[in-house]
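Engineer: All residue numbers for the sequence shown refer to the numbering used here, where the first residue is 4 and numbers rise by one. Glycine included, each C-beta is placed from N, C-alpha and C at the ideal position.
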Amino acid sequence: MEPYGPADVVPQLVHVLYWHRKERFLNESDVYPTWVMFAVCEGIFDFKIGDRPGSATSGDLVICPPGVPLWRDVVRTLSFFVIHFRWHLPDSQQPIEDASRLALLPQGKLTFRDSRRLSSTYHYLLDLWPKRDRLHRRRQNLLLNDIWLQYCLEAEAARKLEKPADALMQQAVRLLEERAYDSRFSMKALSSELQLSPVQFTRRFKAQFGKTPTDFVVNLRLDKVRQMLLETNYPLDQIAELCGYENGFYLSRVFSKKFEMSPSLYRSLHQI
4 MEPYGPADVV
14 PQLVHVLYWH
24 RKERFLNESD
34 VYPTWVMFAV
44 CEGIFDFKIG
54 DRPGSATSGD
64 LVICPPGVPL
74 WRDVVRTLSF
84 FVIHFRWHLP
94 DSQQPIEDAS
104 RLALLPQGKL
114 TFRDSRRLSS
124 TYHYLLDLWP
134 KRDRLHRRRQ
144 NLLLNDIWLQ
154 YCLEAEAARK
164 LEKPADALMQ
174 QAVRLLEERA
184 YDSRFSMKAL
194 SSELQLSPVQ
204 FTRRFKAQFG
214 KTPTDFVVNL
224 RLDKVRQMLL
234 ETNYPLDQIA
244 ELCGYENGFY
254 LSRVFSKKFE
264 MSPSLYRSLH
274 QI
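Written as structure tokens, this is what we have:
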């Protein structure tokens, strides 16, 4: 039998919890008996589902299947819903038990484009929490279905707008990944190497990937910074040198602006 696609199924609420401005998770990891959805209202957290890592922020959902370890770590003070649910066919009250029929459903991070609509749904969901009577649970389930409908509609719209891969921009990604950690790296020089002006390069890169090449490099660098803060005892100046920044002072400014805490505080809060 063929697996179901996202548009073939609907989530059926088991229960929902809301956490406000949480600084850390009580447990580093959990295994859940049902499907679970982490819906981020504000903040940032890192996660790993099985061996697949990621990072989620406002406008993202993280979906984890039952029986699979979900590791998570708060990066920036987190407000979020934890929604436990099962998959159903639209006209059925029976959950889909055959895991092979759910193999095509998304797992991990889902990012929504219409953040205002998603925030509105969260607002109504919060108004209904923690009420547990039948009427409020039915309304909570309708809102959960609306979240899933929004995901399906946005995914379908994105497929219609998909553009052919831009070979030159694919090359640019490879070059950025190779050179991002060198403090002598110049975006202007790379643009020239690609035979584009800086403005042309930025527009073409963003059209292909949804972010500027500068943002792409900053994310690469800060991901490596966070990794080195947790896995080494190197001083900040040494980490800066290895991650493409001129010195620890400038790195600290960039890091603090992004994560709303200093590198030293991040290290003390997260290093085991």
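#1: Kindly provide the ranges of any beta strand (DSSP E) runs that are 3 or more residues long and lie completely inside the segment 135-196, ordered along the chain.
#2: For residue 243, I'd like the list of residues in its chain whose CB is within less than 6 Å of its CB, leaving aside the five on either flank, ordered along the chain.
#3: Identify whether residue 3 lies in helix, strand or coil by the three-state DSSP scheme.
#4: Could you name the residues of the same chain whose beta carbon sits closer than 7 Å to that of residue 69, not counting the 5 residues immediately before and after it, in chain order?
#5: Helix, strand or coil for residue 229, going by three-state DSSP, please let me know.
#6: With residue 42 as the anchor, note down where its beta strand (DSSP E) starts and where it stops.
#7: Candidates 112, 240, 100 and 84: which alpha carbon is nearest residue 122's?
#8: Let me check understanding here. Comparing Cα to Cα, which of 51, 86, 144 and 82 lies closest to residue 31?
#9: Grouping DSSP H, G and I as helix and E and B as strand, with all else coil, what is residue 32?
#10: Looking at the strands, I want to know which residues DSSP matches up with residue 99.
#11: What's the gap between the Cα of residue 191 and the Cα of residue 214?
#12: Identify whether residue 116 lies in helix, strand or coil by the three-state DSSP scheme.
#13: Can you tell which of 263, 87, 203 and 53 has its C-alpha closest to the C-alpha of residue 20?
#14: For residue 152, which option in 73, 269 and 93 has the closest C-alpha, if you only look at C-alpha atoms?
Structural biologist: Concretely, from the data shown:
#1: none
#2: Sequence index remark: in the sequence shown, residue 243 carries index 240 (1-based). Same-chain partners within the cutoff: 250, 251 and 254.
#3: Limits of the chain in this structure are 4 at one end and 275 at the other, which puts residue 3 out of reach.
#4: In the sequence shown, counting from the first residue as 1, residue 69 sits at position 66. Answer for residue 69: 35, 36, 37 and 38, listed in chain order.
#5: The residue given as residue 229 occupies position 226 in the sequence shown. Here residue 229 sits in helix by DSSP.
#6: One-based indexing of the sequence shown puts residue 42 at position 39. Run containing residue 42: 38-52, per the beta strand (DSSP E) assignment.
#7: Counting from one through the sequence shown, the residue named residue 122 turns up at place 119. For the residues 112, 240, 100 and 84, the minimum Cα distance to residue 122 belongs to 84.
#8: If you number the sequence shown from 1, residue 31 lands on position 28. Checked all of 51, 86, 144 and 82; the closest Cα to residue 31 is 51.
#9: Indexing the sequence shown from 1 puts residue 32 at position 29. Reduced to three states, the DSSP call for residue 32 is strand.
#10: Counted from its first residue, the sequence shown places residue 99 at position 96. Partner(s): none; residue 99 has no beta bridge.
#11: Along the sequence shown, one-based indexing puts residue 191 at 188. Along the sequence shown, one-based indexing puts residue 214 at 211. For residue 191 and residue 214, the distance between alpha carbons rounds to 17 Å.
#12: In the sequence shown, counting from the first residue as 1, residue 116 sits at position 113. Correct three-state label for residue 116: coil.
#13: Indexing the sequence shown from 1 puts residue 20 at position 17. Nearest option by C-alpha distance: 87.
#14: Against the sequence shown, residue 152 aligns to sequence position 149. The shortest C-alpha separation from residue 152 is found at 93.
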